[in-house]
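Residue numbers (this note's numbering): 11 to 330. Just so you know, even glycine gets a beta-carbon here, dropped at the ideal spot from N, CA and C. For reference, the structure is listed below as structure tokens.
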Amino acid sequence: MSEAGPSNRPSTPPPRGVPNTNLQLTPEQVKRVELNRLRAKAKQREKETCSTSVSLPNANNKRPLAVTPATSNSPTRSAQDKGKLQRDSRLGKYFDYDLSKMVNTKGGFLVEEGDEGLDRQREIEMLREKQRAKQNAEPLYHMDPSKNPKCNECNSIDIDPSYRAVFKILVCKKCKDEVPEKYSLLTKTECKEDYLLTDSELKDEEIMPHLLKANPHKSTYSNMMLFCRMQVEKLAWEKWGSPEALDEEYAKRTAQKKKKKQDKFEQGLRELRKRTREGVWQRRQDAEHKHVFGRPNPGPDGVAKQICHECGFTMEVEIF
């Protein structure tokens, strides 16, 4: 058997022509590849740190304290780092309201706030109540009965405190009711209408003292002013001279008032008759009116117009 020579041994075939796969990358692609590589290395390093801190105990054979990163998926992650809770779409649509910025519109009703007005009204009512309470204060009595004031009618010491404090009149409650022609109370309207006194005279407390009472029509109105009949008649006699002169003046003013009222009524009646007469005359004139047209004025469109000389009525006519 002959040995095979070097020329007869199998030899490795020559390498084939492999195409060059190294492509030239652009700078942008190189930058992106480098960033991806750095991110991958950072994630790998973070995982290794977490696994090492949990698995390896410290010198005291305790798990070392470590801060859970915000990007960790650990169940021990704080609730604040978990992000906003996603709303369930099955609940439907809703609106968020800031109640601290909402304004109460009273359900659409026109409600007057008026806090300042109410406070002012309360102050006025309290002031009026204090004025009434000051007049109704009970006077002090002396231990010695002989030194106490007595009634002008019956010498009783049971003096009405309001008459004594306001009108400076000493009269007991019994005599006040039994003698109304002297001690009865009159309103301001009665004093003006029956005794012909003016507002300036009635409001002067030095001339005409008055007692204050709560207004019976409405509590928020001004206090009602009450005057003693005896003092009102005294002032009226001084002003008009005598009761007879007051009666004459009252009759004179009543007649003047009646005359003014009658004149006003007659004036209105005359105006009504005048308007009625003018309306009837105008209707008759309109019914009897006959148009008096002038010569027709031809227009640019071939239609002529005639105008009434009396009422201004215009009529279109055709000229043949």
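Note that the C-beta distance between residue 309 and residue 319 is not below 9 Å. Residue 303 is bridged by DSSP to 318. Shown here, residue 136 sits in a helix according to DSSP, grouped into three states. Distance from the CA of residue 246 to the CA of residue 114, rounded to the nearest whole angstrom, comes to 59 Å.
Straight across, the Cα-Cα distance linking residue 174 with residue 181 is about 8 Å. The bridge partners DSSP lists for residue 308 are 314. Within a 10 Å sphere around the beta-carbon of residue 164 sit fewer than 16 other beta-carbons, which makes this residue exposed.
Listed in chain order, the non-local C-beta contacts of residue 222 below 8 Å within the same chain comprise 138, 141, 142, 145, 233, 234, 235, 236, local neighbours out to five positions each way being set aside.
The alpha carbon of residue 299 has as its nearest neighbour, out of 240, 191, 286, 321, the alpha carbon of 321.
For residue 35, no beta strand (DSSP E) segment is defined, and its DSSP state is neither H nor E.
Straight across, the Cα-Cα distance linking residue 161 with residue 191 is about 16 Å. Boundaries of the beta strand (DSSP E) harbouring residue 237: 234-238, taken from the DSSP string. DSSP lists 237 as the beta-bridge partner residues of residue 196. Taken in chain order, the complete beta strand (DSSP E) segments of 3 or more residues contained in the region 142-216 are 195-197.
With a 10 Å radius around the Cβ and a threshold of 16 neighbouring Cβ atoms, residue 179 comes out buried.
In this structure, DSSP gives residue 324 an extended state, which the three-state scheme calls strand. Partner residues in the beta bridge of residue 223, as assigned by DSSP, are 234.
If you look at residue 260, you'll find it in the alpha helix (DSSP H) that goes 253-298.
Spanning the alpha carbons of residue 57 and residue 103 requires a straight line of approximately 42 Å. Less than 9 Å separates the beta-carbon of residue 239 from that of residue 196.
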